[in-house]
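In this note's numbering, each residue's number is its place in the sequence shown (first place is 1) plus 16.
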Amino acid sequence: MEDCIEMILQDSPLSQQTEHPGVTACCGALLTGMYGLWSLFALPGLRRVPGKLKQVPYLPSSKRQTVNVMRHLRGRSGRLADLGSGDGRLVFAASSAGFQCTGFEINSILVAYARAKAQWTGLGSSHADFVKTDFWK
Numbered sequence: 017m018e019d020c021i022e023m024i025l026q027d028s029p030l031s032q033q034t035e036h037p038g039v040t041a042c043c044g045a046l047l048t049g050m051y052g053l054w055s056l057f058a059l060p061g062l063r064r065v066p067g068k069l070k071q072v073p074y075l076p077s078s079k080r081q082t083v084n085v086m087r088h089l090r091g092r093s094g095r096l097a098d099l100g101s102g103d104g105r106l107v108f109a110a111s112s113a114g115f116q117c118t119g120f121e122i123n124s125i126l127v128a129y130a131r132a133k134a135q136w137t138g139l140g141s142s143h144a145d146f147v148k149t150d151f152w153k
């Protein structure tokens, strides 16, 4: 005898999904925290700039890019200015090669991070300096 679908569904034990409010709250807090960190680093770079340039968020230089820049600087000396220095990766690499470097950055959090890293590594302001400024204003 054929049973109708309602009878089959009533008789079969369906898996009950229990609610876990703690897991939901933890996931929400984690995502909110990740968004907060992202916004601290990316949002200051999303301002409009004049000309054909589009909005530019913070994007750190890769190790390969830094090595390529240092290859082009080989055999040279003097001063180096890094516009949009971010966390100072290129400034630190060039200062370790003997350059006197100044990194210019619009994001105050990245400037503070780069300055703290320079102090931590023992680089004086004569070798690596970081300035918070906006060249578009």
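Note that the Cβ used here is the ideal one computed from N, Cα and C, for glycine as well.
With a contact defined as Cβ atoms closer than 8 Å, serine 77 and leucine 106 qualify at about 6 Å. Here aspartate 150 is exposed, its C-beta having fewer than 16 other C-beta atoms within 10 Å. Annotation: the continuous alpha helix (DSSP H) that includes alanine 128 extends over 124-137.
With contacts defined by Cβ atoms closer than 8 Å, serine 101 and alanine 128 do not form a contacting pair. With contacts defined by Cβ atoms closer than 8 Å, leucine 96 and phenylalanine 120 do not form a contacting pair. Here DSSP, grouped into helix, strand and coil, assigns arginine 95 to strand. Relative to alanine 113, the option among Trp136, Val83, Asn123, Ile125 whose CA is nearest is Val83. Among the bridge pairs identified by DSSP, cysteine 117 is matched with Leu96, Ala144. Taking all protein chains shown into account, glycine 38 has fewer than 16 neighbouring C-beta atoms within 10 Å of its C-beta and is therefore exposed. Comparing C-alpha distances from lysine 153 to each of Ser55, Ile122, Cys43 shows the shortest one belongs to Ile122.
Between alanine 144 and serine 93, the gap from beta carbon to beta carbon reaches 8 Å or more.
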